[in-house]
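What the sequence shown shows, in our numbering, is residues 55 to 340, in sequence order.
Below: one structure, written as structure tokens.
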Amino acid sequence: NGAAAPSAFAPKFEDYQAVYNEIASRLEEKEDYDDGSYGPVLVRLAWHASGTYDKETGTGGSNGATMRFAPESEHGANAGLKVARDFLEPVKAKFPWITYSDLWILAGVCAIQEMLGPAIPYRPGRSDRDVSACTPDGRLPDAAQAQDHLRNIFYRMGFNDQEIVALAGAHALGRCHSNRSGYEGPWTFSPTVLTNDFFKLLTEEKWQWKKWNGPKQYEDKKTKTLMMLPADMALVQDKKFNEWVKKYAADNDLFFKDFSAVIVKLFELGVPFKEGQERWVFKTSA
Ligand code: CCH
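Shown next, in the form of structure tokens:
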């Protein structure tokens, strides 16, 4: 009879803040998981969901959460991310109105802020897509390669050299797992706190090839407990990248400002936001 249908639940800032709070409260629920926090692997999930974007075809990116499905879930680069997806299942069950694709990115934002990183403004608007939207293998970077490969991969997403370096600062967080990527070890001494330490260590420590049976990676000469990937080392070996490495090593505020800006850009690649949808900054639990 022309009467408007009862409107569907329209979540607001407070509703997303509640999801944020739920994720934040669970980050350290398992003391024996890695370095005590699920934060780093959640950041990696959000990045791998976003980093499939191709600006020429508009395919890939965080809209869709297609990593739920094979073949994308089986791509070598995504090894181990089931841990992060499974971690978020109870959150999705508690807040069924949020899409997986908005949830994964919200989890990345939450993890960065809770690990004492900069504020990461967020806006919802991603919808889940089916298996037909899975991206082809090979869109994410290969850690064994160097600057030419990094430029090919990140220019395809629409990033420049400064942004490539700022993004790499995320490797202050977390670690490599021999049963996921084949590589082993953390980049910094505080893998659950975001700082510019990745850049400081990259420039200040002496690095040598690690002698082992695994893939080629570097270890720090002094303690032999930290690692760098060949793709990380390319950032100091390339003159243009290295200018930004030095700037970020010297200035944590500059790194935080540029990291926040570039993460917002990464997390929004290819997302058809509704006109007028504003960005929000969530309150941290601290
Ligand atoms: Fe990364 N990353 N990453 N990375 N990454 C790995 C782990 C993390 C590359 C390779 C690897 C970014 C860019 C690159 C994180 C965030 C970002 C691992 C180990 C490899 C290999 C995986 C394992 O074994 O568990 C390469 C190559 C690039 C090229 O640029 C960017 C960009 C970001 C985010 C902005 C985080 C966080 C981790 C730690 C995950 C964990 O489980 O601790």
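Built from N, CA and C at the ideal position, the CB exists for glycine as well.
None of the values given here were measured: they were computed from a predicted structure.
In DSSP terms, what residue 230 is bridged to: 239
By DSSP's criteria, residue 110 is part of a beta bridge. Which residues make up the other side? Beta-bridge pairing links residue 110 to no other residue.
Helix, strand or coil for residue 274, going by three-state DSSP, please let me know. DSSP, read as helix, strand or coil, puts residue 274 in strand.
What three-state label does DSSP hand residue 169 in the structure shown? In this structure, residue 169 counts as coil in the three-state DSSP scheme.
Measuring from the CB of residue 235, is there a heavy atom of the ligand CCH at a distance below 7 Å? Indeed, a heavy atom of the ligand CCH lies less than 7 Å from the Cβ.
C-alpha gap between residue 181 and residue 325, whole angstroms: If I take the Cα positions, the gap works out to 9 Å.
From 316, 156, 249 and 208, pick the residue whose C-alpha is nearest to that of residue 99; which is it? 156
How is the alpha helix (DSSP H) around residue 291 delimited, first residue to last? 284-291
In the DSSP assignment, find the unbroken beta strand (DSSP E) run with residue 262 in it and report its ends. Its beta strand (DSSP E) spans residues 261-263.
Is it right to say residue 62 is buried, meaning 16 or more other beta carbons lie within 10 angstroms of its own, or is it exposed? exposed
Check this for me: beta carbons of residue 250 and residue 288, under 8 Å apart or not? no
Measuring only the C-alpha atoms, how far is residue 119 from residue 183? Rounded to the nearest angstrom, the two C-alpha atoms are 7 Å apart.
Status (buried if at least 16 other CB within 10 Å, exposed otherwise) for residue 72: exposed
Residue 86 - containing alpha helix (DSSP H), residue span: It is not in any alpha helix (DSSP H) - residue 86 carries neither H nor E in the DSSP assignment.
If we count the other Cβ atoms within 10 Å of its Cβ and call it buried at 16 or more, is residue 266 buried or exposed? exposed
For residue 161 and residue 154, what's the separation of their Cα atoms in angstroms? Taking the straight line from one Cα to the other gives about 10 Å.
Counting pairs of Cβ atoms below 8 Å between the region 167-179 and the region 129-146, do you hit three or more? no
At a cut-off of 7 Å, is residue 94 close to the ligand CCH when judged by its beta-carbon and the heavy atoms of the ligand? yes
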